[in-house]
Structure formats: C-alpha cells, structure tokens
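Keeping their order, the protein sequence lines are chains A and B.
Using our numbering, the letters of the first sequence map in sequence onto residues 1 to 97.
Using our numbering, the letters of the second sequence map in sequence onto residues 1 to 132.
Cβ atoms here follow ideal geometry from the backbone N, Cα and C, with glycine treated the same way.
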Amino acid sequence: MARSYKALTLRLDAGRFERLAALAAAENRTPTNYVETLVLRDLAAKDEARRVISVYAAPEAAELTPGPLGRGAEEPEERYEQRKALVAELLSIPDPE
Amino acid sequence: MLAEGAFVKVLFPTAEQPRRPGLLHIGYCLAVAPPLALVAYTSSRSWPADVPLPLGVRVFGRDEAARLNQRPFVLYLKRIAKLPMTARWFPEMHEPSAGIVAVAPLPLRDELLDIVRELLRRRREAIRRFGS
C-alpha cells in the first residue's frame with residue numbers, strides 16, 4: 001500500500017531559521033529534511049523507551065496525587081529510599097496512549 | 001492490605017482498551033502510594049520455549065509458582081499499570097483477603113526491583129541515544 005504524506009507549515013524567526021539552515025548544510029541536508037530527521041529521531045526515542053517499559057495509567061489516576069510510599073515495618077531506610085527514587089521515576093513515565 | 005510484593009487480583013487494563021478495567025488477572029504490586037498502586041502484569045500463558053527471555057520478563061515454573069499459591073505464570077515487569085486503589089480495579093479489595101493470593105519473600109522482591117531498576121536505566125539510555 002502506498003504511503004500517504006501530510007504537509008505542515010513551520011514558522012521560525014529569521015535568526016533561528018539561519019541557524020537551522022547552517023546546521024542542515026553541515027550535514028548536506030535541506031532544512032526541511034533536517035527537521036524531518038529530528039522528528040523521526042524523537043519518535044524513535046519514544047518508541048524505544050516504550051518498548052523497554054510501559055506504564056499505563058487509569059483515567060482516574062491522572063487526578064490523584066500519590067501519597068507517601070508504603071513501607072513495611074522492617075524495611076531498612078536505605079532500601080526504602082532506593083525504592084522511593086525508583087517509584088518516582090516509574091510514576092513520571094508518560095502514559096503510552 | 002495491599003503492599004509491595006503482593007500478588008493481587010486486579011482487572012489489569014488490556015492493550016486494546018487501556019483506559020478500562022480489563023480481565024481478571026493476578027498482578028504483582030510494585031509499590032503502593034495511596035491512593036495509587038503500581039502493578040505489573042502477569043499471564044498464565046507460557047513463554048515460548050524457542051524465544052529468548054527479554055529483560056523484564058520473569059518466568060515462574062511449577063514449584064516456584066506453587067509457593068506463591070499460583071499455577072505457572074509469566075511476570076511482565078515491562079508492563080505496569082498505575083491504578084487507583086478502588087474496587088473498580090481491585091474487585092476483591094473489600095474481602096478479607098483483599099484479593100491477595102500471596103506475598104513475595106524479600107529476596108524475590110529485591111530481585112524484581114533490580115530488574116525494574118535495570119529497565120529504567122535502559123529506558124533512560126534509549127532516550128539519551130535516540131534523542132536529539
């Protein structure tokens with residue numbers, strides 16, 4: 001099946017466009033192709049990150065603020081702190097949808 | 001009471017309908033930060049013998065699963081859900097068992113946390129490598 005393409009209009013101030021054009025020229029690209037490459041890289045990064053680990057969020061969860069991390073009576077302080085950091089990072093992962 | 005290490009009955013959202021409670025599964029509770037819980041997906045579908053295990057997939061064979069009051073299962077630490085601690089997602093939370101079928105011993109909890117830590121490291125690396 002043939003791919004379909006959509007066009008978009010990008011407006012940059014003249015100074016930024018000159019910088020973009022210079023960066024593109026340094027890689028033998030057009031400014032358009034340079035921007036397209038940046039977008040493709042960013043999409044690939046998001047796909048790759050999602051492939052590694054995904055955190056789905058229930059709709060109601062978006063409105064809830066996580067309270068203090070639950071801790072077992074015998075959990076050492078060091079383990080608890082490590083787990084807190086890990087859970088904070090998990091909670092910061094955006095929903096893949 | 002739901003806590004880290006619990007294997008708990010949960011209506012884990014499906015990939016097709018990630019916004020709704022899905023089919024009843026046993027999930028692994030990674031963390032509880034009321035009113036939210038982080039739960040990893042499990043499935044009783046066996047892992048194909050000829051497919052190498054990726055990081056984040058942990059197989060529990062018959063004996064180990066039996067010690068956790070379950071049939072053999074596969075735990076997917078790559079697939080986590082952030083869920084409110086309500087009966088909409090944890091249908092047995094108001095029953096005496098709270099829907100908890102077993103609690104992982106500390107060595108297993110530590111092993112699973114190490115896997116999640118490595119997954120997060122690789123995620124950061126993927127973003128750094130592929131990002132602009």
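Along chain B, in chain order, which residues have C-beta atoms closer than 8 angstroms to that of Glu89(A)?
In the first sequence, counting from the first residue as 1, residue 89(A) sits at position 89. Simply Leu120.
Could you check whether the region 26-40 of chain B touches the region 77-91 of chain B, counting it as contact only if at least three pairs of C-beta atoms, one from each stretch, sit closer than 8 angstroms?
When Cβ pairs closer than 8 angstroms are counted between the two stretches, the region 26-40 of chain B is seen to touch the region 77-91 of chain B, the count reaching three or more.
Under the rule that 16 or more other beta-carbon atoms within 10 Å means buried, what is Pro39(B), buried or exposed?
Here residue 39(B) refers to the residue found at position 39 when the second sequence is read from its first residue. Just to set this straight, residue 39(B) is Val in the shown sequence, not Pro. Buried, by the Cβ-count rule.
CB-CB under 7 angstroms to Arg71(B), same chain, minus the five flanking residues each way: which ones, in chain order?
Stepping through the second sequence from its first residue, residue 71(B) is reached at position 71. Answer for Arg71(B): Ser44 and Ala65, listed in chain order.
For the alpha helix (DSSP H) that Phe73(B) lies in, which residues bound it at each end?
Here residue 73(B) is taken as the residue at index 73 of the second sequence, counted from 1. First-last for Phe73(B): Phe73 to Pro84, but that is the beta strand (DSSP E), not the alpha helix (DSSP H).
Are there 16 or more other CB atoms within 10 angstroms of the CB of Glu95(B), so buried, or fewer, so exposed?
On the second sequence, position 95 is the one that residue 95(B) refers to. Exposed, since its Cβ has fewer than 16 Cβ neighbours within 10 Å.
What in chain A is Cβ-close to Val8(B), meaning under 9 angstroms?
Stepping through the second sequence from its first residue, residue 8(B) is reached at position 8. Correct list: empty, because the minimum Cβ distance to chain A is about 13 angstroms.
Taking only beta-carbon atoms, is Pro35(B) less than 8 angstroms away from chain A?
The sequence position of residue 35(B) within the second sequence is 35, counting from 1. Yes, contact with chain A.
Are the CB atoms of Val8(B) and Ile100(B) within a distance shorter than 8 angstroms?
In the second sequence, counting from the first residue as 1, residue 100(B) sits at position 100. In the second sequence, counting from the first residue as 1, residue 8(B) sits at position 8. Result yes, Cβ atoms of Ile100(B) and Val8(B) sit closer than 8 angstroms.
Is it the case that the Cβ atoms of Leu43(A) and Tyr34(A) are separated by a distance below 8 angstroms?
In the first sequence, the residue the question calls residue 43(A) occupies position 43. In the first sequence, the residue the question calls residue 34(A) occupies position 34. Cβ atoms of Leu43(A) and Tyr34(A): not closer than 8 angstroms.
Helix, strand or coil for Ala15(B) per DSSP?
Indexing the second sequence from 1 puts residue 15(B) at position 15. Ala15(B): coil per DSSP, three-state reduction.
Any beta carbon from chain B within less than 8 angstroms of Ala61(A)'s own beta carbon?
As a working note, residue 61(A) is residue 61 in the first sequence. By this cut-off, Ala61(A) is an interface position.
Three-state secondary structure (DSSP) at Val103(B)?
Counted from its first residue, the second sequence places residue 103(B) at position 103. Of the three classes helix, strand and coil, the one that applies to Val103(B) here is strand, per DSSP.
Would Ala62(A) be called buried (16 or more neighbouring beta carbons within 10 Å of its own) or exposed?
Stepping through the first sequence from its first residue, residue 62(A) is reached at position 62. When all chains shown are included, Ala62(A) counts as exposed.
In chain order, what residues of the same chain have a beta carbon less than 8 angstroms from the beta carbon of Leu36(B), not counting five sequence neighbours either side?
For this step, residue 36(B) is matched to residue 36 along the second sequence. So the qualifying residues of the chain are Lys82, Leu83, Pro84 and Met85.
Return the CA-CA distance between Ser132(B) and Arg41(A), expressed in angstroms with no decimal places.
Within the second sequence, the letter at position 132 stands for residue 132(B). Within the first sequence, the letter at position 41 stands for residue 41(A). At Ser132(B), the pLDDT of 37 sits below 50, so the modelled position is not reliable and the matter cannot be decided from this model.
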